[in-house]
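See below for the structure under consideration.
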Amino acid sequence: MTFLAILILAIGLSIDSLAASISTGVCMRKIRIADSLKVALFMALFQGVLPVIGWFVGKGFQNIIAAYDHWVAFVLLSAIGGKMIYEGFSKKEDQSCFCPSQNLVLAGMALATSIDALIVGIGIGLLGETIWIPAIIIGIITFAFSFSGIYIGHHLGHKLNIKLELIGGLVLIGLGIKILLEHTLNTQ
25 MTFLAILILA IGLSIDSLAA SISTGVCMRK IRIADSLKVA LFMALFQGVL
75 PVIGWFVGKG FQNIIAAYDH WVAFVLLSAI GGKMIYEGFS KKEDQSCFCP
125 SQNLVLAGMA LATSIDALIV GIGIGLLGET IWIPAIIIGI ITFAFSFSGI
175 YIGHHLGHKL NIKLELIGGL VLIGLGIKIL LEHTLNTQ
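Per the numbering used here: the sequence shown ends with 212, consecutive numbering throughout.
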């Protein structure tokens with residue numbers, strides 16, 4: 025994978041964590057740096073570790089479906105992107121938010137926003153690509169997005185009505201199309 029592809033992937037995967045962090049920031053009455061660091065660290069760890077777990081699963085199946093790996097990556101990324109777009113359209117304006125004050129609640133939120141990263145890790149493993157650099161970059165981007173998201177949410181609150189899931193979904197679908205085109209055009 026090129027650095028640009030890894031960066032685009034990291035940004036696409038980090039959008040859910042950014043959205044969750046913004047909504048968490050909206051809920052916070054007072055912002056402390058320790059709270060922002062805690063949220064960002066949880067999000068980054070889950071987003072960085074789950075692709076590695078998925079990669080090991082994908083590597084185990086590499087020999088079985090090597091001829092179809094680009095299709096699998098395309099389908100997985102498109103499904104994740106489609107799910108994110110659907111969630112962006114189906115969210116109600118008045119959905120209540122919660123503030124993660126306990127580690128278990130925060131871990132649940134981090135896991136829920138990182139399932140996509142697990143699936144992407146499987147896809148990367150199926151492609152035979154290395155996971156270590158992408159996982160580190162995904163973690164760093166997620167940390168930065170989540171840390172910033174707390175402050176964005178706190179300071180802007182309900183003033184902005186941006187559907188972040190739509191942007192993340194489109195990015196992942198675009199990446200899936202790119203992988204599919206690269207592999208199908210290079211084999212002909």
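For every residue, glycine included, the Cβ atom is placed at its ideal position computed from N, Cα and C.
The residue among A103, I157, G193 with its C-alpha nearest the C-alpha of T26 is I157. Taking the Cα positions, A29 is about 32 Å away from V50. Taking the C-beta atoms as reference points, M67 is found nearer than 7 Å to S170. Secondary structure at S138: coil, using DSSP grouped into helix, strand and coil. The continuous alpha helix (DSSP H) containing F27 extends over residues 27–51.
The C-alpha of T208 lies about 35 Å from the C-alpha of A134. Around the beta carbon of S114, a 10 Å sphere encloses fewer than 16 other beta carbons of the protein chains shown; the residue is thus reported as exposed. In its chain, beyond the 5 residues on either side, S138, A141, L142 have a beta carbon closer than 6 Å to the beta carbon of L74. Taking 7 Å as the cut-off, the Cβ atoms of L194 and I104 do not count as close. The beta carbon of W79 is closer than 6 Å to those of G145, I148, G149, I155 in its chain, skipping five residues each way along the sequence. For K83, the enclosing alpha helix (DSSP H) covers residues 57–84. With contacts defined as CB atoms closer than 7 Å, L61 and L199 fail to qualify as a contacting pair.
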